[in-house]
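Residue numbers (this note's numbering): 22 to 201. Okay, so here's the structure we're looking at.
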């Protein structure tokens, strides 16, 4: 239910206290604001459109002007650039040209696209839930999902003890993967 989802998101919000919750068109989004993402004080997130495309982003692009020119738009923020790119299938090919540190979630009405910079400097983790997919930039947010099992992932522990780091998409929590 919407009330249950709002309560869950409220608990997650208390864990991640970087920015406000947003509810628009029946969808709840959490905006986390990192110091690097506050460069443009006029940027409003998430970005919504009447076509059903919604973009949430954490981080920044270093080459927004260059990619915007290639795509043929004039966005005021990096999130708006992603939004404009997902409005046109032709523009999505420019994703490979993005340079920066970022993670993003783009919902296009039927599909959810999770993105991270090519080096994974701005992590984005995700897990399946009984009602869909949950994502966050910090693992502690998942601790507030109803029915979430916060068990240690034994494969991750074994990898860490064996080689000293986690592999690609592994996290410490069972069932939660890092976007690699």
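Note that CB positions come from ideal geometry on N, CA and C, so glycine has one too.
- For residue 183, the enclosing alpha helix (DSSP H) covers residues 175–184.
- With a cutoff of 7 Å on beta-carbon distance, residue 122 and residue 99 are scored as not near each other.
- Contact between the stretch 85–93 and the stretch 133–149 is absent: fewer than 3 CB-CB pairs across the two stretches fall below 8 Å.
- For residue 135, the enclosing beta strand (DSSP E) has its first and last residue at 133–137.
- With contacts defined by Cβ atoms closer than 7 Å, residue 193 and residue 172 do not form a contacting pair.
- When DSSP reads this structure, residue 81 sits in a beta bridge with 122.
- A contact is defined here as three or more CB-CB pairs under 8 Å, and the stretch 146–158 fails this definition with respect to the stretch 110–120.
- Here DSSP, grouped into helix, strand and coil, assigns residue 194 to strand.
- For the set 65, 69, 198, 144, the Cα lying nearest the Cα of residue 129 is the one of 69.
- If the five residues before and after residue 82 are omitted, its C-beta is found closer than 8 Å to the C-beta atoms of 88, 99, 102, 119, 120, 121, 123, all from its own chain and listed in chain order.
- Residue range 99–108 is occupied by the alpha helix (DSSP H) that includes residue 100.
- Residue 184 is classed as exposed because its beta carbon has fewer than 16 other beta carbons within 10 Å across all chains shown.
- Cβ-Cβ distances below 6 Å link residue 196 to 148 in the same chain, with the five nearest sequence neighbours on each side left out; the list follows chain order.
- In this structure, residue 144 lies near residue 199, with their beta-carbon atoms less than 7 Å apart.
- Its chain contains 105 as the residues whose beta carbon lies nearer than 6 Å to that of residue 94, once the 5 sequence neighbours on both sides are disregarded; these appear in chain order.
- Secondary structure note for residue 148: its beta strand (DSSP E) is the uninterrupted segment 146–150.
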